[in-house]
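A.B. asks: Start counting the sequence shown at 1440; every next residue gets the next number (the working numbering). Beta carbons: idealized from backbone N, C-alpha and C, even for Gly. Before I ask anything, here is the structure I am working with.
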Amino acid sequence: MPEYTPEYTTALGASSKDTITLLGHDLANDVMGEVSFGELAFWLATQRRPSPGETRVFEAVLAALADHGYTPTAIISRLSLLSAPDSVQGALAAGLLAGGSRFLGVTEDCGRFLHDVLVAQDQLPTDDAGWDDLARTTVAQQREAKKFVPGLGHHVHKDGDPRTPRLMAIAAEEGITGPHLALFAAIGRVHPEVLGKTLPLNGAGVCGAALADLGLPLELLRAFALLARTAGLIGQLAEELRHPVANDIFLSVDLNNRPVDPDPYVPDSL
1440 MPEYTPEYTT
1450 ALGASSKDTI
1460 TLLGHDLAND
1470 VMGEVSFGEL
1480 AFWLATQRRP
1490 SPGETRVFEA
1500 VLAALADHGY
1510 TPTAIISRLS
1520 LLSAPDSVQG
1530 ALAAGLLAGG
1540 SRFLGVTEDC
1550 GRFLHDVLVA
1560 QDQLPTDDAG
1570 WDDLARTTVA
1580 QQREAKKFVP
1590 GLGHHVHKDG
1600 DPRTPRLMAI
1610 AAEEGITGPH
1620 LALFAAIGRV
1630 HPEVLGKTLP
1640 LNGAGVCGAA
1650 LADLGLPLEL
1660 LRAFALLART
1670 AGLIGQLAEE
1680 LRHPVANDIF
1690 LSVDLNNRPV
1700 DPDPYVPDSL
């Protein structure tokens, strides 16, 4: 029998003695200095080169999610650097691992939620009135199920998240407003009728809607949020090196904790 030789195909990076190719292009001559990092990230994920308009929307999403100040992701990165100053990769990874359902995960949650609603429709609306009807039904169903609407509400920007109208405007300018953004905008218009209160459409949610409209894989929406936050965490670590605060955060907890009596866990009765 002939000897089996495994083959591992890839359309991404490859090297020979004299050249390096990426996505079928010469890396040194066709990519370096010619393609922005945002455009390249989109291209790597989809293996199709985005249009200038798609790149603008995608890079606007990255900017929107890059840094939000002293969030848990930033604090964890700074504390990890304090604990292991020889491991910048560990500090960066620690912050990224903290991206989840409360921070950064909303981008994925909202994109998936909107997509699930859309694929369940026999026909998509063609005007604002139709989108409003669909949004009204969607919000009512979530309320009946006692579930939150992903992307609705913000603990700081209670009167409106400034990122949301800006990203919607950029998408509209580039002609890339698709059904996910249309439904998300409609949720913003009609939810007060259903919930009896007005909540902002948050930036993480609108980013998820925009990424879904760009046709990016739903399974990777959180990854793009983490890509954006990587830049922010590098900034956090750079600032920590110049103006450290992690030790003060540690001491604030260490010097202000107080012993209490044990509080034994009691499982719920069956």
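Out of Ala-1503, Gly-1614 and Pro-1698, which has the shortest C-alpha to C-alpha gap to Thr-1669?
C.D. replies: Measuring from the Cα of Thr-1669, the nearest candidate turns out to be Ala-1503.
A.B. asks: On a Cα-Cα basis, can you pick out the residue from Leu-1479, Arg-1681 and Asp-1506 that is closest to Glu-1493?
C.D. replies: Per the Cα distances, Leu-1479.
A.B. asks: Among Val-1496, Pro-1524, Leu-1483 and Ala-1584, which one has its Cα closest to the Cα of Leu-1680?
C.D. replies: Nearest of Val-1496, Pro-1524, Leu-1483 and Ala-1584 to Leu-1680, Cα basis: Pro-1524.
A.B. asks: For Val-1556, which residues in the same chain have their Cβ closer than 8 Å to its Cβ, ignoring the five residues on either side in sequence?
C.D. replies: Around Val-1556: Leu-1573, Thr-1577 and Leu-1622.
A.B. asks: What span of residues does the beta strand (DSSP E) with Ile-1459 cover, start to end?
C.D. replies: Counting along the chain, the beta strand (DSSP E) containing Ile-1459 begins and ends at 1459 to 1461.
A.B. asks: In terms of DSSP beta bridges, what is Ser-1454 paired with?
C.D. replies: The partner list for Ser-1454 (beta bridge, DSSP) reads Ile-1459.
A.B. asks: Relative to the alpha-carbon of Gly-1452, which residue among Pro-1441, Asp-1465 and Glu-1446 has its alpha-carbon at the smallest distance?
C.D. replies: Checked all of Pro-1441, Asp-1465 and Glu-1446; the closest Cα to Gly-1452 is Asp-1465.
A.B. asks: Based on DSSP bridge pairs, tell me the residues matched to Asp-1465.
C.D. replies: Paired residues: Thr-1460.
A.B. asks: Does the structure place the segment 1535 to 1549 close enough to the segment 1638 to 1656 that three or more beta carbon pairs sit under 8 Å?
C.D. replies: As far as the Cβ criterion goes, the segment 1638 to 1656 touches the segment 1535 to 1549, which means the pair count is three or higher.
A.B. asks: Within its chain, find whatever has a CB closer than 6 Å to the CB of Thr-1637; leave out the 5 residues flanking it on each side and keep chain order.
C.D. replies: Result list for Thr-1637: Pro-1631, in chain order.
A.B. asks: Keeping to the same chain, check which residues put their C-beta closer than 8 Å to that of Gly-1534; ignore five residues upstream and five downstream.
C.D. replies: Thr-1512, Ala-1513, Ile-1515, Ser-1516, Ser-1519, Arg-1668, Leu-1672 and Gln-1675, listed in sequence order.
A.B. asks: With DSSP run on the structure shown, which of helix, strand or coil describes Leu-1655?
C.D. replies: DSSP places Leu-1655 in coil when its eight states are reduced to three.
A.B. asks: Taking the alpha carbon of His-1594 as the point to measure from, which residue in Ala-1568, Phe-1542, Asp-1567 and Ala-1559 has its own alpha carbon closest?
C.D. replies: The residue with the shortest Cα to Cα distance from His-1594 is Phe-1542.
A.B. asks: By DSSP, does Leu-1650 sit in helix, in strand, or in coil?
C.D. replies: Of the three classes helix, strand and coil, the one that applies to Leu-1650 here is helix, per DSSP.
A.B. asks: Could you check where the alpha helix (DSSP H) with Glu-1547 kicks off and where it finishes?
C.D. replies: Element bounds for Glu-1547: 1544 to 1558.
A.B. asks: On the DSSP bridge list, what partners appear for Leu-1591?
C.D. replies: Answer by DSSP bridge pairing, in chain order: Leu-1640.
A.B. asks: Select from Pro-1706, Phe-1476, Pro-1701 and Ala-1685 the residue whose C-alpha is nearest the C-alpha of Leu-1501.
C.D. replies: Comparing Cα-Cα distances from Leu-1501 to each of Pro-1706, Phe-1476, Pro-1701 and Ala-1685, the minimum goes to Phe-1476.
A.B. asks: So, under 8 Å CB-CB, Ile-1459 and Ala-1450 are touching, yes? Tell me the CB distance rounded to an integer number of Å.
C.D. replies: Between Ala-1450 and Ile-1459 the Cβ distance is about 14 Å, and since that is not below 8 Å, they are no contact.
A.B. asks: Could you name the residues that DSSP lists as bridge partners for Gly-1627?
C.D. replies: None; Gly-1627 has no bridge partner.
A.B. asks: Alpha helix (DSSP H) containing Ala-1480: first to last residue?
C.D. replies: Ala-1480 -> alpha helix (DSSP H) spans 1476 to 1485.
A.B. asks: Count the other C-beta atoms from every protein chain shown that fall within 10 angstroms of the C-beta of Glu-1403, then say buried if there are 16 or more, exposed otherwise.
C.D. replies: The question about residue 1403 has no answer, for the chain in this structure spans 1440 to 1709.
A.B. asks: By how many angstroms is the C-alpha of Asp-1571 removed from the C-alpha of Ser-1691?
C.D. replies: Taking the straight line joining both Cα atoms gives about 49 Å.
A.B. asks: Per DSSP, what kind of secondary structure is Gly-1529 in: helix, strand or coil?
C.D. replies: DSSP places Gly-1529 in helix when its eight states are reduced to three.
A.B. asks: Flag this pair as yes or no: are the beta carbons of Thr-1603 and Asn-1641 separated by less than 8 Å?
C.D. replies: Contact: yes.
A.B. asks: Do the CB positions of Ala-1499 and Ile-1609 come within less than 8 Å of each other?
C.D. replies: In this structure, Ile-1609 lies closer than 8 Å to Ala-1499 by Cβ.
A.B. asks: Out of Glu-1613, Val-1629, Pro-1564 and Pro-1639, point me to the one whose CA is closest to Pro-1601's CA.
C.D. replies: For Pro-1601, the nearest C-alpha among the options comes from Pro-1639.
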